[in-house]
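So the structure is just underneath, and the comments pick up after that.
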Amino acid sequence: MDGRRSTVSTKCLCTLTISPVRTAGPRHFMAPPEMQAQQKLMIAFERAAGAFARLDQALSMHPLRGAFLYRFRLDAVRRQAMVDGQLIEPWHLAALLEGVRLRMDPWLSLAERGDIFDAARHAFSMHQWIVEPDFDQEGEIQVAMKAIERDVARASPLLGAAHAAHAWLAGGGRRAPLRGALIRFWQQSGLLHLPVPITGPQALGGDLPFDRESWIPLLLHALANEAAAAQDLLRDLERAWQVARGSIGKRRKNSRAATAVDILAATPIISAKSLADRLGMNVANAHALLGELLEAGLVVELTHRSKRRLFGLSGMGRMRDYVAPPRRPQPGRGRGRPRIEPEMPHSAPPADLPPAPSGGVLPRLAFDFSDLEEAMAAADEAIRETRISLDRIRQAGPPE
Numbered sequence: 123m124d125g126r127r128s129t130v131s132t133k134c135l136c137t138l139t140i141s142p143v144r145t146a147g148p149r150h151f152m153a154p155p156e157m158q159a160q161q162k163l164m165i166a167f168e169r170a171a172g173a174f175a176r177l178d179q180a181l182s183m184h185p186l187r188g189a190f191l192y193r194f195r196l197d198a199v200r201r202q203a204m205v206d207g208q209l210i211e212p213w214h215l216a217a218l219l220e221g222v223r224l225r226m227d228p229w230l231s232l233a234e235r236g237d238i239f240d241a242a243r244h245a246f247s248m249h250q251w252i253v254e255p256d257f258d259q260e261g262e263i264q265v266a267m268k269a270i271e272r273d274v275a276r277a278s279p280l281l282g283a284a285h286a287a288h289a290w291l292a293g294g295g296r297r298a299p300l301r302g303a304l305i306r307f308w309q310q311s312g313l314l315h316l317p318v319p320i321t322g323p324q325a326l327g328g329d330l331p332f333d334r335e336s337w338i339p340l341l342l343h344a345l346a347n348e349a350a351a352a353q354d355l356l357r358d359l360e361r362a363w364q365v366a367r368g369s370i371g372k373r374r375k376n377s378r379a380a381t382a383v384d385i386l387a388a389t390p391i392i393s394a395k396s397l398a399d400r401l402g403m404n405v406a407n408a409h410a411l412l413g414e415l416l417e418a419g420l421v422v423e424l425t426h427r428s429k430r431r432l433f434g435l436s437g438m439g440r441m442r443d444y445v446a447p448p449r450r451p452q453p454g455r456g457r458g459r460p461r462i463e464p465e466m467p468h469s470a471p472p473a474d475l476p477p478a479p480s481g482g483v484l485p486r487l488a489f490d491f492s493d494l495e496e497a498m499a500a501a502d503e504a505i506r507e508t509r510i511s512l513d514r515i516r517q518a519g520p521p522e
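So the sequence shown is numbered by our numbering: it starts at 123 and just counts up by one.
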């Protein structure tokens, strides 16, 4: 009995401790500053926990998990790079991952082309950190994992990871190992059963406060927003899949078009050979089936090539805009480097002539040639005198 009383007393004491403070006079809620910070933390924690739970439930045994991870990793790299000061087009990264050349507009300068390559290289490095780190990156991620596990031992997984992230960044730790460690920790702790790259880059803006009490709720809200965006992406993929299935129309009972659409929905980028292996048919029939789906507008070809082509559902069509077609020789040109032809100067366009005056016949102009006649007479006189002088010299003969 004394135990029950003590327990009830403890609960009452806790209730009295966290009860709101009311002032005399008008009734209004007035919480102390420390209570406001605690309430912000609890609200952010509850929102993040709910978003993680909903996303994990939606992804559980979902047939589009592979396509979701592929697309969400591209978006995650874009968000992380934006915080790091790099503007990255995720479809450039998709082209690099598939080993095709990037499309470059011919009017870009060398500096602009270099910026595109630098951004693509940075995106490729960030994608490697969260998907398949190398030996050195793996070592840094393991160090960040140990730091997270130390803080999680004193708190819940989600809240402990937020505290560990703040301590890691405040101590001068790099962002990339922390992101890789968070992705692994969500899966290791059971918050998510898939390695979804949720790292909360929204909380790393330069104009946000970084003290512990203010930043940890911001990080939890950023994690919740990213988890909600992941669930929206999953719904979009489901909708595109259902639209593609509904657009197939009536076909033969032994048609494999519906199965091909299911495979394309689950595998974002696939070749005809891989599709043939999955369907148990030869490559020629797989090409014919993909050709039918191309004509129907359900599938897009992503590489501009005639061999080793890659296909995807219509939602992947933007990648085609960032892939350069292969270099094909010009017809009639021999082997070797083409000759550099000098550019011919462009002739200036003819000047516009003034419009002809309208009206009758123009009046005849009278010219004065008196000065010209005097000059010609003087020239004739000089020529005549010169001839006379030459004749006299010839008649006189050479001097003795």
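The beta-carbon is built from N, C-alpha and C at its ideal position, and this holds for glycine as well.
Check	Outcome
Check whether LEU355 and PHE194 have beta carbons under 8 Å apart	yes
Three-state secondary structure (DSSP) of LEU432	strand
According to DSSP, residues forming a beta bridge with ILE515	DSSP output for ILE515 lists no bridge partner at all.
Assigned exposure category for GLU260 - 16 Cβ within 10 Å defines buried	exposed
Proximity below 8 Å, CB of LEU304 to CB of HIS249	no
Exposure label - ARG301; buried when at least 16 CB within 10 Å	buried
Cβ pair LEU420, ILE391 closer than 8 Å	no
Integer Cβ distance of PRO299 from GLU271, believed to fall under 8 Å	So it is not a contact: roughly 14 Å between Cβ atoms.
GLN265, DSSP secondary structure in three states	The amino acid occupying residue 265 in the given sequence is Val; Gln does not appear at that position. Helix at VAL265.
Strand pairing of ILE392, partner residues [DSSP]	PHE433
GLU348 vs GLY371 beta-carbon contact at 8 Å	no
Cβ pair GLN309, LEU177 closer than 8 Å	no
Nearest-angstrom Cα separation, counted from GLN160 out to ALA388	43 Å
The region 225-241 touching the region 265-282, judged by at least three CB pairs closer than 8 Å	no
Inter-residue spacing [alpha-carbon to alpha-carbon] between ARG509 and GLU496	20 Å
Residue range of the alpha helix (DSSP H) that includes VAL253	232-253
Residue nearest to LEU219 in terms of C-alpha spacing, selected from LYS395, VAL253, THR381	VAL253
Whole runs of the alpha helix (DSSP H) within the region 311-380, excluding any shorter than 4 residues	334-368
Three CB pairs or more closer than 8 Å across the region 163-177 and the region 339-347	yes
Cβ neighbour criterion (16 or more within 10 Å) applied to ALA217	buried
Nearest-angstrom Cα separation, counted from TYR192 out to ALA116	Look at the range of the chain in this structure, 123 to 522, and you will see that residue 116 is not part of it.
DSSP bridge partner residues for VAL199 (one or two, in chain order)	DSSP, once it has assigned bridges, lists no residue as partnering VAL199.
Exposure of ILE515, with buried meaning 16 or more beta-carbon neighbours within 10 Å	exposed
C-beta atoms of HIS244 and ALA203 nearer than 8 Å	yes
CB of ALA284 within 8 Å of CB of ALA173, strictly	no
Helix, strand or coil at GLU220 according to DSSP, with G and I counted as helix	coil
Within 8 Å, strictly: CB atoms of ARG373 and LEU401	no
Residues that DSSP places opposite GLU423 in a beta bridge	PHE433
Cut-off 8 Å between Cβ atoms - residues of its own chain near VAL405, not counting five sequence neighbours on either side	ALA394, LYS395, ALA398
Length of the line joining the Cα atoms of ARG297 and ALA418	45 Å
Pair within 8 Å by beta-carbon distance, LEU196 and TRP363	no
Helix, strand or coil at PRO185 [DSSP, three-state]	coil
PHE332, buried or exposed, once every other Cβ within 10 Å from all chains shown has been counted against 16	exposed
For ARG361 and VAL383, believed in contact at Cβ under 8 Å, the rounded distance	Going by Cβ atoms, the distance from VAL383 to ARG361 rounds to 14 Å, so no, they are not a contact pair.
Distance between SER182 and LEU281 (C-alpha atoms, nearest Å)	23 Å
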